[in-house]
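Heads up: the structure comes next, in structure tokens.
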Ligand SMILES: Nc1ncnc2c1ncn2[C@@H]1O[C@H](COP(=O)(O)OP(=O)(O)O)[C@@H](O)[C@H]1O
Ligand SMILES: [Mg+2]
């Protein structure tokens with residue numbers, strides 16, 4: 011597909027409520043995501059923008075202080091900057107609560123120590139962040155936002171975490187079945203034991219089940235229900251993500267040799283996970299005619315690469331964004347960037 015006028019990007023994505031903006035660090039994900047969000051908000055579309063970058067870049071771009079909770083920027087634009095530390099802590103508090111439900115209290119200090127160390131284990135932050143992103147995604151879709159825009163896109167690596175609960179499903183089902191069998195055996199054993207001791211005490215009295223005996227809640231069932239809920243959340247999020255009518259992935263890159271190779275790999279990975287991107291944005295382009303020789307050479311080089319980019323991504327619309335004299339800040343300037 012040939013190069014498209016940038017103004018068509020907003021139109022192309024207008025019917026897809028969920029937009030992920032992916033790409034390497036520094037290429038312009040936050041700028042593009044915030045520009046799309048600002049643009050839809052000025053069109054009076056209720057929009058939520060969610061950042062996963064702990065460097066507060068979304069707040070900087072929007073000129074607003076953001077945090078882990080929703081902040082209203084305009085009547086049509088809400089923004090959240092997810093804080094990995096808060097999210098990981100909350101995640102592990104929940105894990106501890108779940109384990110506590112079925113574990114011998116004597117074991118808890120050891121388990122707490124183990125959990126404390128797990129917080130910094132590789133993948134722990136990613137997993138907690140992915141769960142939080144999924145929660146926001148499903149909640150925002152239910153809340154009826156016209157657009158939910160993430161200023162980052164899941165990588166193939168992160169996406170594999172989404173199928174983890176599916177695999178865990180079979181495991182927990184098996185565990186639960188085994189636990190039930192053991193519980194049954196235990197109850198038969200106690201029953202027999204009571205009967206024998208009672209028989210010893212009085213040979214002629216039959217054992218009558220006590221109708222007032224408390225039904226013990228199955229702790230395993232409680233623990234498993236937490237896992238089931240997570241599985242259901244990932245299922246819903248995965249379904250939204252894979253629905254091309256609901257979700258668009260925009261891949262941002264710059265017109266350089268290495269970013270081109272990286273973007274090719276990223277797109278191939280997305281295609282393999284059946285998450286075909288909707289569009290490619292080439293950002294920080296230099297206007298083709300320059301007075302200065304240095305800048306003219308850079309512009310010529312970029313134009314040549316634009317040809318390669320178009321040839322590499324024939325299946326996708328490619329949108330150019332030109333390098334501005336200054337950083338683009340605030341909803342008005344951001345929104346204007348896409349016109
Ligand atoms: N088209 C552009 N014109 C001028 N500055 C830009 C442009 N795109 C991005 N920038 C600047 O480049 C830096 C990185 O952009 P950012 O959107 O934060 O990238 P990312 O989110 O991919 O790390 C920021 O300082 C941003 O203001
Ligand atoms: Mg960013």
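In this note's numbering, the protein residues as written are 11 to 349. For every residue, glycine included, the Cβ atom is placed at its ideal position computed from N, Cα and C. This structure is a prediction, so every number in the text was calculated from the model and none was measured.
Given a cut-off of 8 Å on the beta-carbon distance, is the pair residue i and residue j in contact?
i, j, result
"residue 80", "residue 157", "no"
"residue 347", "residue 265", "no"
"residue 109", "residue 121", "yes"
"residue 356", "residue 43", "In the structure displayed, the chain extends from 11 to 349; residue 356 sits before or after that span and is not available."
"residue 87", "residue 62", "no"
"residue 92", "residue 142", "yes"
"residue 28", "residue 256", "yes"
"residue 339", "residue 77", "no"
"residue 351", "residue 261", "As displayed, the chain neither begins before 11 nor continues past 349, which places residue 351 out of reach and without an answer."
"residue 263", "residue 20", "no"
"residue 279", "residue 322", "no"
"residue 112", "residue 12", "no"
"residue 292", "residue 14", "no"
"residue 125", "residue 250", "no"
"residue 330", "residue 23", "no"
"residue 30", "residue 163", "yes"
"residue 144", "residue 247", "yes"
Is any heavy atom in ligand 2 found nearer than 7 Å to the beta carbon of residue i?
i, result
"residue 67", "yes"
"residue 39", "yes"
"residue 337", "no"
"residue 161", "yes"
"residue 116", "no"
"residue 63", "yes"
Can you have a look at residue i and say buried or exposed, based on whether 16 or more other CB atoms are within 10 angstroms of its CB?
i, result
"residue 317", "exposed"
"residue 32", "buried"
"residue 154", "exposed"
"residue 215", "At residue 215, the pLDDT of 49 sits below 50, so the modelled position is not reliable; the number obtained from the coordinates is stated separately. Exposed is the call here."
"residue 294", "buried"
"residue 39", "buried"
"residue 69", "buried"
"residue 18", "exposed"
"residue 49", "buried"
"residue 345", "buried"
"residue 103", "exposed"
"residue 341", "buried"
"residue 71", "buried"
"residue 304", "exposed"
"residue 332", "exposed"
"residue 259", "buried"
"residue 297", "exposed"
"residue 6", "No statement about residue 6 is possible, as the shown extent of the chain runs from 11 to 349 and does not include it."
"residue 285", "buried"
"residue 45", "buried"
"residue 309", "buried"
"residue 313", "exposed"
"residue 89", "buried"
Can you determine whether any heavy atom of ligand 1 sits closer than 7 Å to the C-beta of residue i, and answer yes or no?
i, result
"residue 33", "yes"
"residue 78", "no"
"residue 36", "yes"
"residue 16", "no"
"residue 7", "Outside the displayed span of the chain (11 to 349) sits residue 7, for which this structure offers no information."
"residue 261", "no"
"residue 294", "yes"
Please name the residue or residues paired with residue i in a DSSP beta bridge.
i, result
"residue 157", "57"
"residue 116", "Residue 116 is not bridged to any residue."
"residue 29", "159 and 258"
"residue 82", "88"
"residue 13", "328"
Could you confirm whether any beta carbon from chain D is found closer than 8 Å to the beta carbon of residue i?
i, result
"residue 138", "The structure shown contains no chain D, having only a single protein chain."
Legend entry - Minimum length 4: unbroken alpha helix (DSSP H) runs contained in the segment 256-284: 267-282
Inset, instruction - Write down every uninterrupted run of the beta strand (DSSP E) in the segment 281-329 whose length is 3 residues or greater and which is fully enclosed by it, in chain order. - result: 289-295
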